[in-house]
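First the structure, in the form of structure tokens, and then the observations on it.
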Amino acid sequence: MLSIKRLFTSPWLLAVVFSMVSTGIQATNAAKPALASVNAAAAIAGEDALLFGKNADRSVPIASITKLMTALVVVESGLDMTEWLTFEERHLPAAANAWTRIRVDSRLQRRDVLRIALMSSENFAAYTLARSFPGGFDGFVDAMNAKARELGMNNTHFVDPTGLSIDNVSSASDLVRLANAAMRHPVIGEFSTTGYYRAQFRNPRYSLSFGNTNALVHRESWGVGLSKTGYLSDAGRCLIMVSQMDEKPVITVLLDSLGTRSPMGDAGRIKRWLATGASGSVAAAAKRYAQEKDAAWMATERGQTARINQ
1 MLSIKRLFTS PWLLAVVFSM VSTGIQATNA AKPALASVNA AAAIAGEDAL
51 LFGKNADRSV PIASITKLMT ALVVVESGLD MTEWLTFEER HLPAAANAWT
101 RIRVDSRLQR RDVLRIALMS SENFAAYTLA RSFPGGFDGF VDAMNAKARE
151 LGMNNTHFVD PTGLSIDNVS SASDLVRLAN AAMRHPVIGE FSTTGYYRAQ
201 FRNPRYSLSF GNTNALVHRE SWGVGLSKTG YLSDAGRCLI MVSQMDEKPV
251 ITVLLDSLGT RSPMGDAGRI KRWLATGASG SVAAAAKRYA QEKDAAWMAT
301 ERGQTARINQ
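If you want it as structure tokens, here you go:
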């Protein structure tokens, strides 16, 4: 089976796209999968067109999914990945949930800072990547938004590189575009799917172990080639992933789920849907949560429209 990480350099992609019409991907013409996530999208890797969407153009907080754009900006900057970066005291107050084990003034190579930011969602690492950018923190955020515009991510805006701010927003369809851009850089796929890693710091010398926040990267049957999780109370549980589904590389974007394992459950439902056309079912609590979030979002939209028309 062809590795997802070599997808964008292989003519096999064309065969994948053409085969959609005669395989389980035909399930897109049937009932959509039942999902616990409030907003979602799925697409064949390499394609921006969606196999299906659920509120796919709704602009919502994306929490640490943000770090996928952080990684893209770092990798495309051409900066030396072996340079030793210093974890400086934050110039802005850290969010309440920005706890870290990394010591201020310690040092780590940029490639390893990027790895732990992706695989373990280390917020101080993402902050340090931005702080060490040639344009500094603000220049880095500007670069994130410029890249979003370049990719046609019209429902997306960033204010920080970590995702700790609820003002980092995007849509499921926009994040499909981001996943496709990220997959063109094998290092992002590799770092985001690293299962475990022990980072060796300097000044002083010490080491810390990090684990991947997505349990599915440890399951060979999923063939995960790209992964990023996220969570904030306002964003819910989030997951973006490229994995093997119905023998094809599929991007899944799952935003705002109620439970810790709900995005993984949704990924399983999408996988079965693509293979069999079965829509599946979700728990009553998840349905109520989605209804409440939909109602709140629509109320906010009506309020904004009313203010504009005043």
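Just so you know, we're using our numbering here: the sequence shown kicks off at 1 and counts up by one. Think of the CB as a built atom: it goes at the ideal place given N, C-alpha and C, for glycine as much as any other residue.
1. With 16 other CB atoms within 10 Å as the buried threshold, where does Glu38 fall?
2. Determine which residues share a DSSP beta bridge with Asn39 and list them.
3. Please confirm whether Arg115 and Tyr197 have their CB atoms less than 8 Å apart.
4. Please determine, among Ser221, Val74, Gly265, Glu301, the residue with the shortest C-alpha to C-alpha distance to Met144.
5. With DSSP as the reference, please indicate the residues paired to Arg219 in a beta bridge.
6. So, at 6 Å on beta carbons, what are the nonlocal neighbours of Leu239 in its own chain, with the 5 sequence-adjacent residues on each side left out?
7. What separation, rounded to the nearest whole angstrom, lies between the Cα atoms of Asp160 and Ala148?
8. Start and end of the beta strand (DSSP E) containing Arg302?
9. Would you grab the beta carbon distance between Lys32 and Ser279 for me? Rounded to a whole angstrom, and I think it's under 8 Å.
10. Between the alpha carbons of Glu247 and Ala299, how many angstroms are there, rounded?
11. Between the beta-carbon of Ala71 and the beta-carbon of Val282, is there less than 8 Å?
12. Tell me the residue span of the alpha helix (DSSP H) that contains Trp84.
13. Fully enclosed by the stretch 224 to 249, which beta strand (DSSP E) runs are 3 residues long or longer?
14. Could you name each continuous alpha helix (DSSP H) segment of 4 residues or more that falls completely within the stretch 110 to 142, going from the start of the chain to the end?
15. Going by DSSP in three states, Ala199 sits in which element: helix, strand or coil?
16. My assumption, with CB atoms under 8 Å, is that Gly225 sits in contact with Ala63. Please give the rounded CB distance.
17. Nearest to Leu50 by CA position, among Gly195, Leu118, Ile251, is which residue?
A quick look at the data gives this:
1. Here the sequence assigns Val to residue 38, which means Glu is not the residue at that position. When all chains shown are included, Val38 counts as buried.
2. Leu255
3. yes
4. Val74
5. For Arg219, which the question treats as bridged, DSSP gives no partner whatsoever.
6. Thr229, Leu254, Pro263
7. 14 Å
8. No beta strand (DSSP E) contains Arg302, which is instead part of the alpha helix (DSSP H) from 284 to 309.
9. 7 Å
10. 41 Å
11. no
12. Premise fails: Trp84 lies in the beta strand (DSSP E), 84 to 86, not in any alpha helix (DSSP H).
13. 226 to 232, 236 to 245
14. 110 to 119, 123 to 131
15. strand
16. So it is not a contact: roughly 21 Å between Cβ atoms.
17. Ile251
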